[in-house]
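First the structure, in the form of structure tokens, and then the observations on it.
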Amino acid sequence: MITYVAIGLLALLTLSIPVGIVLFLLGFGIDLFFSPFPLMRGLGQLVWSSSNSATLIAIPFFVLLGEILVRSGVAARTYSALDKWISWLPGGLVHANIATATMFSATSGSSVATAATVATVAMPQAERLGYDQKLFSGAIAAGGTLGIMIPPSINLIVYGFLTQTSIPRLFLAGLIPGVGLALAFVAVTALICVIRPNLGGERRTFPLGEMLGALKHLLPIVLLFGVIIGTIYKGWATPTEAAAVGVAGAFVIALIVGGVSWSMMTESLLGTIKITSMIMLVVIGASFLNFTLSSAGLGRALDSFLTGLGLSKLAFILVIVLIYLVLGFFIETLSLMVVTIPIIVPLVVAQGYDPIWFGILMIVLIEMALITPPVGLNLYVVQGARTSGSMSDVMLGAIPYVVVMLLMAAALIAFPQIALYLPETL
Numbered sequence: 166m167i168t169y170v171a172i173g174l175l176a177l178l179t180l181s182i183p184v185g186i187v188l189f190l191l192g193f194g195i196d197l198f199f200s201p202f203p204l205m206r207g208l209g210q211l212v213w214s215s216s217n218s219a220t221l222i223a224i225p226f227f228v229l230l231g232e233i234l235v236r237s238g239v240a241a242r243t244y245s246a247l248d249k250w251i252s253w254l255p256g257g258l259v260h261a262n263i264a265t266a267t268m269f270s271a272t273s274g275s276s277v278a279t280a281a282t283v284a285t286v287a288m289p290q291a292e293r294l295g296y297d298q299k300l301f302s303g304a305i306a307a308g309g310t311l312g313i314m315i316p317p318s319i320n321l322i323v324y325g326f327l328t329q330t331s332i333p334r335l336f337l338a339g340l341i342p343g344v345g346l347a348l349a350f351v352a353v354t355a356l357i358c359v360i361r362p363n364l365g366g367e368r369r370t371f372p373l374g375e376m377l378g379a380l381k382h383l384l385p386i387v388l389l390f391g392v393i394i395g396t397i398y399k400g401w402a403t404p405t406e407a408a409a410v411g412v413a414g415a416f417v418i419a420l421i422v423g424g425v426s427w428s429m430m431t432e433s434l435l436g437t438i439k440i441t442s443m444i445m446l447v448v449i450g451a452s453f454l455n456f457t458l459s460s461a462g463l464g465r466a467l468d469s470f471l472t473g474l475g476l477s478k479l480a481f482i483l484v485i486v487l488i489y490l491v492l493g494f495f496i497e498t499l500s501l502m503v504v505t506i507p508i509i510v511p512l513v514v515a516q517g518y519d520p521i522w523f524g525i526l527m528i529v530l531i532e533m534a535l536i537t538p539p540v541g542l543n544l545y546v547v548q549g550a551r552t553s554g555s556m557s558d559v560m561l562g563a564i565p566y567v568v569v570m571l572l573m574a575a576a577l578i579a580f581p582q583i584a585l586y587l588p589e590t591l
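Per our numbering, the sequence shown starts with residue 166, numbered consecutively.
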């Protein structure tokens with residue numbers, strides 16, 4: 166059955182069939198060939214129960230929040246302001262890519278949306294100022310991955326929904342690793358450009374008055390992040406309600422900067438509908454596939470297999486990490502999460518690991534999948550924003566950041582408190 170799922174998944178994805186449909190087709194196949202019961206008869210109830218959740222309402226709100234900020238021009242202002250503050254580092258404007266991605270990760274909740282935002286604003290600058298295309302593009306792709314780690318994160322919401330763990334605690338757990346990854350990206354970029362100065366651009370400095378004046382373009386994003394996260398941890402709002410507050414805040418910001426128009430709102434709403442529909446189709450399809458896999462006994466078989474290996478706790482989690490690294494090459498990130506969580510997480514928890522900690526470790530591994538070929542979505546998003554050059558440039562440029570993520574995964578395994586300190590303290 167595992168062979169059927171793996172081969173079927175790769176074959177159907179190769180045919181460019183949408184991921185959500187692929188998950189349904191695999192579920193139908195398991196029902197037909199491996200289950201003694203007519204599982205299809207429960208499809209209607211399953212579709213309703215997997216989508217009828219107040220928690221999932223946060224997803225369209227966070228998507229709409231990001232759409233408003235991008236289409237109102239707030240992204241371009243933020244990028245310009247960060248350019249003035251950190252382009253003095255070795256690597257110049259490359260650091261603005263990472264910093265802008267970090268700030269938008271703290272509001273949009275989506276890695277692909279973050280990467281698309283920064284790529285659209287930054288790539289014309291790279292071509293105009295003569296930056297090395299590999300490093301510049303790779304930094305954007307890697308910075309975009311922070312969207313699913315730094316709260317509020319759509320993927321953490323999905324993880325909390327599927328595992329019935331506290332979403333506010335997951336948000337807290339993702340804060341230190343997310344900021345740590347952003348700082349590590351900056352450090353490795355600076356190190357590369359110290360060793361190979363020709364890969365970075367001109368290190369630019371600006372008058373202090375101009376730098377201070379640029380802060381007004383950063384303040385709205387910082388305030389918006391504070392409002393979203395603050396209302397959750399003060400107990401004033403659930404994550405879903407905080408997302409709605411964030412949308413209202415984003416609209417006010419867009420109104421202040423003069424970016425509100427009928428066409429902007431229309432495009433934002435249409436973009437939200439498209440992205441949310443894709444996410445929910447994947448969630449529902451994965452719920453059906455997980456139902457058929459569980460009913461056919463895959464969970465029990467996998468549990469018996471891993472238990473039979475007689476692995477230590479550390480060896481067990483390393484095997485799980487290896488599984489995610491391999492699957493990440495071939496499966497889209499959200500699909501990978503929703504397909505594996507119901508099977509893997511109970512096994513991990515049975516070994517005595519904290520589900521909050523494992524959620525953050527999984528997110529780091531999922532982030533790597535976003536910038537590793539052949540299915541790394543952020544690579545395609547960044548390539549789509551370029552006017553010239555091959556896809557291999559973006560792939561090669563992302564390699565140093567993949568290494569950084571591997572090191573972060575190792576650090577989380579060695580020092581779980583990196584993720585657990587804030588949830589346990591607050």
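Note that beta-carbon positions come from the ideal geometry of N, C-alpha and C, so glycine has one too. Small disclaimer: the values here were computed from a predicted structure and weren't measured.
CA nearest to the CA of residue i, picked from the options
i: residue 304; options: 361, 324 and 265; result: 265
i: residue 387; options: 316, 547, 483 and 291; result: 316
i: residue 517; options: 534, 479 and 537; result: 479
i: residue 218; options: 449, 528, 571 and 557; result: 449
i: residue 589; options: 263, 336 and 294; result: 336
i: residue 556; options: 321, 502 and 299; result: 299
i: residue 372; options: 430, 251 and 180; result: 251
i: residue 504; options: 189, 420, 383 and 182; result: 189
i: residue 481; options: 513, 501, 459 and 268; result: 513
i: residue 574; options: 431, 411, 524 and 237; result: 524
i: residue 418; options: 396, 384 and 432; result: 384
i: residue 239; options: 216, 532 and 286; result: 286
i: residue 506; options: 322, 182, 263 and 180; result: 322
Contact check, residue i vs residue j, beta carbons under 7 Å
i: residue 233; j: residue 451; result: no
i: residue 579; j: residue 338; result: no
i: residue 302; j: residue 559; result: yes
i: residue 447; j: residue 184; result: yes
i: residue 343; j: residue 311; result: yes
i: residue 270; j: residue 282; result: no
i: residue 172; j: residue 457; result: no
i: residue 461; j: residue 200; result: yes
i: residue 257; j: residue 365; result: yes
i: residue 382; j: residue 243; result: yes
i: residue 328; j: residue 581; result: no
i: residue 212; j: residue 349; result: no
i: residue 528; j: residue 313; result: yes
i: residue 360; j: residue 404; result: no
i: residue 413; j: residue 223; result: no
i: residue 207; j: residue 454; result: no
Burial state of residue i (16 or more Cβ within 10 Å)
i: residue 284; result: buried
i: residue 423; result: exposed
i: residue 376; result: exposed
i: residue 197; result: exposed
i: residue 247; result: buried
i: residue 210; result: exposed
i: residue 214; result: exposed
i: residue 363; result: exposed
i: residue 551; result: buried
i: residue 318; result: buried
i: residue 289; result: exposed
i: residue 249; result: buried
i: residue 186; result: exposed
i: residue 484; result: exposed
i: residue 420; result: exposed
i: residue 390; result: buried
CB contact below 7 Å: residue i versus chain C
i: residue 288; result: Going by chain labels, chain C is absent from the structure shown, which holds only one protein chain.
At least three beta-carbon pairs within less than 8 Å, the region 221-229 to the region 436-444: Between the region 221-229 and the region 436-444, the count of Cβ pairs shorter than 8 Å is three or higher; the stretches touch.
Cβ contact check for the region 559-570 and the region 531-551: 3 or more pairs under 8 Å: Touching, yes.
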